[in-house]
Amino acid sequence: MTDARDSLTFREMLGSGQFCYGAELVSTRGITAPGERPKLVELGEALAADKRIAWVSITDNPGGNPMLPPDWIAQKLAAHRDRVVIHLSCKDLNRNGLESAAWRYAQEGFDNVLAMTGDYPVTSYGGLARPVFDLDSVSLIALLKAMNDGLEVPKPSGKLERLPKTNFYIGCAVSPFKRYERELMPQYFKLARKIHCGAQWVISQLGYDMRKFHELKLFMEWARVQAPLIGNVYVLNKTVAGMFHKNKIPGCVVSDRLYELVEKYAAGPDKGRAFFLELAAKQLAVFKGMGFAGGYLGGIHKADAFGQVIEMAEKFGGNDWKALAKEIQFPKPDEFYLFEQNPETGLGDITQLNRAYRESLLHPPKSPHANLAYRLTRRVHELAFTRGKGMFPSLQKFYERLEKNGDNLASRALHAIERVSKEMSFGCKDCGDCSLPDTAYLCPRASCSKTGRNGPCGGSSDGRCELDDKECLWARAYERLKYYGESGHMLDGPAVFYNAKLEGTSSWANTFLGRDHHRAVPAEKEKQKETFAKAGQL
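Each residue of the sequence shown is one higher than the one before, counting from 182 in the numbering used here.
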């Protein structure tokens, strides 16, 4: 570590080419006794003052639990604001609340923001809270990017006013620790979408398979999306490892084989502490060797322990990471990888796409999700709802004539037919701004706990929703689209923003009259298809 770090911001450090370390500061629930100084603030100050630590990252109600807001803690570290990252999630605030929070952060000089969808609430006062999820990580990133560009808002006169530009350094998360192709590939595609929408740096979810971490870096190179990549490390103990193993913390993965080791070492006199600290240090050393921009360290509650792990990581030799990368590979049984394994390194080989995957792209397998109902729905959409084609121009004129007559019996009857038919076919909730074409005709309100319209969250496990009450909508959508050779472009296009003004109105009318979100999609989709331009790969 050099003193040059003192003069660098978090943004500059990630772009410097020098590997750096970050520390997680987890907010707490409740307040301290009068006259008592919050231990959380003391820890934050100690971490911010440590020259070995490049940034401090403050969580936003992690695990779906209500806690002190991250910007309150950040204010206590205001002297180090250029090296503070604030997490901003979508579970507790609608888009107005998120925008308001973002303005507050910008006004206070906290520009480093990690934009996330957030965990589904698990505990609340007086019963379980209803989550918001008005936006998700992709649309939140797009909002922050719009603020950076100078947000345009209507004035009372109706004219647009461009507000002063913010300077957010927008981060996003990605979850590569997925067992099946149908849930991993949408995660990769969503990462590309996040970067296209404005994400400037990337941090991984938690897992203990260095081949998957390395594959994430390979995917970004292969898909031609560029952003500094940070590896995520959590210092385990038996309790937390058990929660990860049982998927109690969505997106955090401890496999059976790793949990066996955890139980073995946790039975020792130090309860496994030495093993857990060394495992974390080894992971950091591997990230550095693989060319990651930094390593993010969590699961520690004392400042000296952060320094201890970092010092252990720094003691490994320049090439030790290669053996450590082979050692730290704890996948689930039959886990899917996008790239074939290089037998010499034990990591992925970017020149060798997974053979079975490549073959399945050339000859898509049958899937129970690509059933007759889906195939018929695609045909109906092609004939009637594809802009400028088939029956669309005629239906557009028909709905324009209906619109001129105002509220009338014919329009109400058509809306009733639409509502009943779509409810029977898709579980439609009559939102008025239909995303069925975006989600392979699986209603996000009916089939996704977070109503995600821009891709999967990171919480699924073995293809099932983090609530474990259904299969992940996006895993099902992937299989449907792959059957038609369209999976590679399933998340192309700009971020989808649901328009609540259309709630309870006819989505058919809104489509034909250009009132829904589809009106702006076609040109943007064509632009983003270049992301996966390598012939024959997608």
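By construction, the Cβ of each residue, glycine as well, lies at the ideal position given by its N, Cα and C atoms.
Glu-652 by DSSP, collapsed to three states: which one?
-> In the structure shown, Glu-652 sits in a strand (DSSP, three-state: E or B).
May I have the straight-line CA-CA distance separating Arg-556 from Met-572, to the nearest angstrom?
-> Roughly 18 Å separates the two Cα atoms.
Cβ contact (3+ pairs, closer than 8 Å) linking the region 316-328 and the region 293-308 | By the criterion of at least three beta-carbon pairs nearer than 8 Å, the region 316-328 is in contact with the region 293-308.
Using three-state DSSP, classify Gln-381 as helix, strand or coil.
-> Three-state result, Gln-381: coil.
Report buried or exposed for Glu-362, applying the criterion of at least 16 other Cβ atoms within 10 angstroms of its Cβ.
-> Buried is the call here.
Which one of Ile-430, Ser-385, Lys-427, Lys-419 has the shortest CA to CA distance from Ala-408?
-> Among Ile-430, Ser-385, Lys-427, Lys-419, the Cα nearest to that of Ala-408 belongs to Ser-385.
Excluding sequence positions up to five away, which residues of its chain have a Cβ less than 6 Å from the Cβ of His-550?
-> Result list for His-550: Arg-657, Glu-660, Arg-661, in chain order.
For Phe-511, which option in Gln-368, Glu-441, Ile-234 has the closest C-alpha, if you only look at C-alpha atoms?
-> Put simply, of Gln-368, Glu-441, Ile-234 the residue whose alpha carbon is nearest the alpha carbon of Phe-511 is Glu-441.
Relative to the alpha-carbon of Lys-603, which residue among Asp-588, Ser-592, Tyr-622, Arg-593 has its alpha-carbon at the smallest distance?
-> Nearest to Lys-603 by alpha-carbon distance, out of Asp-588, Ser-592, Tyr-622, Arg-593, is Tyr-622.
His-261 burial status per 10 Å Cβ neighbour count (16 or more: buried) = Around the beta carbon of His-261, a 10 Å sphere encloses 16 or more other beta carbons of the protein chains shown; the residue is thus reported as buried.
Is the distance from the Cβ of Leu-372 to the Cβ of Gly-203 below 8 Å?
-> Contact: no.
Separation of Phe-468 from Gly-476, as counted between CA atoms | Going from the Cα of Gly-476 to the Cα of Phe-468 covers about 7 Å.
Can you give me the Cβ contacts of Asp-300 inside the same chain, cut-off strictly under 6 Å, excluding the 5 residues immediately before and after it?
-> Closer than 6 Å at Cβ, skipping near neighbours: Gly-244, Gly-245, Pro-431.
DSSP beta-bridge partners of Pro-335 | Note: Pro-335 sits in a beta bridge opposite Leu-341.
Val-435 beta carbon near the ligand NAP (any heavy atom closer than 7 Å) = Among the components modelled here there is no ligand, and therefore nothing to report on the ligand NAP.
State the start and end residues of the unbroken beta strand (DSSP E) segment that holds His-426.
-> Counting along the chain, no beta strand (DSSP E) covers His-426; the unbroken alpha helix (DSSP H) around it starts and ends at 419-426.
Is Glu-193 helix, strand or coil when you go by DSSP?
-> When secondary structure is reduced to three states using DSSP, Glu-193 falls in the helix class.
Please report how far the alpha carbon of Arg-454 lies from the alpha carbon of Leu-542, in whole angstroms.
-> In a straight line, the C-alpha of Arg-454 is about 46 Å away from that of Leu-542.
Bridge partners - His-268, DSSP secondary structure assignment = Partner(s): Leu-295.
C-alpha gap between Gly-307 and Val-421, whole angstroms | Each residue's alpha carbon lies about 27 Å from the other.
For the alpha helix (DSSP H) containing Thr-558, list its first residue and its last residue.
-> Taken as a continuous stretch (DSSP letters only), the alpha helix (DSSP H) holding Thr-558 covers 553-561.
Taking Cβ positions, are Met-696 and Leu-683 nearer each other than 8 Å?
-> Going by the sequence as given, residue 696 is Arg instead of Met. Cβ atoms of Arg-696 and Leu-683: closer than 8 Å.
Beta bridge counterpart(s) of Glu-205 as assigned by DSSP = In the DSSP output, where bridge partners are listed per residue, Glu-205 has Ser-238.
Which of helix, strand or coil does DSSP assign to Ile-411?
-> Three-state result, Ile-411: strand.
Mind listing, in chain order, the continuous beta strand (DSSP E) runs of no fewer than 3 residues lying wholly within the region 516-590?
-> Here the runs fully enclosed are 520-522, 529-534.
Measure from the alpha carbon of Cys-638 to the alpha carbon of each residue in Phe-370, Ala-259, Leu-595, then state which is nearest.
-> Comparing Cα positions, the closest option is Phe-370.
Anyone know if the C-beta pair for Arg-645 and Tyr-679 falls short of 8 Å?
-> Remark: C-beta atoms of Arg-645 and Tyr-679 do not approach each other more closely than 8 Å.
Count the other C-beta atoms from every protein chain shown that fall within 10 angstroms of the C-beta of Ala-767, then say buried if there are 16 or more, exposed otherwise.
-> Lying before the first or after the last residue shown, residue 767 is absent from the chain, which here runs from 182 to 719.
Residue nearest to Asp-485 in terms of C-alpha spacing, selected from Ala-229, Met-194, Gly-196, Ser-208 = Of the candidates Ala-229, Met-194, Gly-196, Ser-208, the one whose C-alpha sits nearest the C-alpha of Asp-485 is Ala-229.
Indicate whether Pro-251 and Asp-241 have their beta-carbon atoms separated by less than 8 Å.
-> Between Pro-251 and Asp-241, the C-beta spacing is below 8 Å.
Helix, strand or coil: how does DSSP classify Gln-288 here?
-> Helix, per DSSP.
How many angstroms separate the CA atom of His-268 from the CA atom of Val-561?
-> In this structure, the alpha-carbon of His-268 lies about 42 Å from that of Val-561.
Pair within 8 Å by beta-carbon distance, Gln-464 and Gly-529 | Cβ distance not < 8 Å, so Gln-464 and Gly-529 don't count as in contact.
Return the CA-CA distance between Gly-666 and Lys-452, expressed in angstroms with no decimal places.
-> If I take the Cα positions, the gap works out to 51 Å.
How should Glu-647 be labelled, buried or exposed, when 16 other C-beta atoms within 10 angstroms of its C-beta is the threshold for buried?
-> By the Cβ-count criterion, Glu-647 is buried, with 16 or more other Cβ atoms from all chains shown falling within 10 Å of its own Cβ.
Relative to the C-alpha of Thr-304, which residue among Asp-317, Pro-345, Arg-210 is closest?
-> Nearest C-alpha to Thr-304 among Asp-317, Pro-345, Arg-210: Arg-210.
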